[in-house]
Each structure stands twice: as structure tokens, then as C-alpha cells.
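First the structure, in the form of C-alpha cells, and then the observations on it.
Numbering (UniProt numbering), first residue to last: 1 to 255.
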């Protein structure tokens, strides 16, 4: 029971320590407010924006893009990983190009995505998908390659069709590796969404940061950064909960 609440406790302790350090730097240390607003003024500004309804459209825009990009990138990454797992020769042929594409600075390519796909939603989603795809691909591929061959012998005895083999055996056995990739991909999706909103657009938390910085509204800027951090923690925690439920069989076997 305690293990379920351990991540919440760890997040709480980390946030508390950061808040104390923030308060000390903005108070007793005497850093000017235009450089570092106090936690009180930041939370107050953020709360006022929430109550006024000004913040909700930006928050929803960012969350929607993250979920959409994470979903598309994850499905594509798992599908390609399974294809490479089932076709070892293709995997050998594509290992080199995949490494090259993975190491390419996709964040640096973000302005090119704007040129290729315009200033709309498409460029943002393409950037997020490109950041999510490779971590999920590598995690899923590692998961598929770690499957015990005896599981496939069992599938032959049970006469499972290809869909049942994938859904009941391969996917379930590869879930630990897939979730490793998903957690990394979720962080990348958040970074990609904020970056895309910095570069173009007039909505989202990234745009709000740019607007607050340009207008010297430092409390609003820090509030948007704080909200982005909380969004990342919530996303990571949600994936942890889903992982715990789907992999409960593994915990029971480990006992």
C-alpha cells in the first residue's frame, strides 16, 4: 500500500524543498522581484488567471497537443518496433538509419517543421510525434526482444491467431519496456509542445511564457513554468498508475 503513495511523497518532498529555496532566494537573499518573484505572488497571479478563465484555453491547448502527439507517436513507435521484431532482416537493415534519425537534433529542426507544415497545428503535432516516436520505439523493441521463446511455443499449442498472439502474449510481455519508452516520450512530448508554442502560434503555455517575458510580467512567466512542471509531474504519475495496473501480474509473480 505504501509503495503506491511513495511517488506522491517523493514529488511532495521535492516540491517542498524547491519552494523553500525559492522563498529564501526571493525573500531573505533579496533578489529583485522583477528577476525572481516570490512564490506567493506567482501563485496569486496563477490563481487569478485561473479564476478569470484566461488560463484555461492555453492549458487545454497544450494538454491536447501533448496527448495527441504522445498517442500518435506511441502507436507508431510500438507498431514499427513490432514490425522490426518480427522481421529481423529488416531490423538489421534499418538499425543504422534509425540510429542516425534518433541522434538528429529534432528540436533544432523545429523551425523547418514550421516551414514545411506551416504555422498551424500540424507542425506542432509533427514535432511532438518526432520526439515521442524514438524513445517508445527503442523501449518497445527492447521489450519485444526480451520475450521468452517458450511463450511462442505455448501460443502454437493454443493455436492463437496473429492478432491474439500480439495482444495476449507479445504486447503484454513487452509492456515493461514499452512503459520505459512512454515515460521518456511523455517528457519529450511536453518539451516539444512548449517549444512548438514558443516558435509559432498564439495559444498554449509556451505562448503564454513568451508573452509574459515580452511584457515583463515575471509572476505570470513563473506561474506558467510552474504549471508546466506540475503538468509534467501529473503526466508521469498517470503513466505510473496505468503501468502499475497493467503490470500487477508482474508484481504478483515477483512476490
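All C-beta atoms, glycine included, are put in the ideal place defined by N, C-alpha and C. Computed from a predicted structure; not experimentally measured.
If you look at residue 65, you'll find it in the alpha helix (DSSP H) that goes 56-86.
Bounds of the alpha helix (DSSP H) holding residue 233 are 218-246.
Less than 9 angstroms divides the Cβ of residue 199 from the Cβ of residue 114. Residue burial is scored here from C-beta neighbours: residue 124 has at least 16 other C-beta atoms within 10 angstroms and is therefore classed as buried.
In the DSSP annotation of this structure, the continuous segment of the alpha helix (DSSP H) that includes residue 176 starts and ends at 171-199. Taking the Cα positions, residue 33 is about 9 angstroms away from residue 219.
Residue range 121-145 is occupied by the alpha helix (DSSP H) that includes residue 122. In terms of CA proximity to residue 174, 151 leads the group 190, 151, 57, 127. Secondary structure note for residue 213: its alpha helix (DSSP H) is the uninterrupted segment 205-214.
Within a 10 Å sphere around the beta-carbon of residue 214 sit fewer than 16 other beta-carbons, which makes this residue exposed.
Judged by DSSP in its simplified three-state form, residue 148 adopts coil rather than helix or strand.
Here residue 247 really is in contact with residue 176; their C-beta atoms are around 7 angstroms apart, less than 8 angstroms.
By the neighbour-count criterion, in which a residue is buried when 16 or more other Cβ atoms sit within 10 angstroms of its Cβ, residue 228 is buried. The continuous alpha helix (DSSP H) containing residue 111 extends over residues 110-117.
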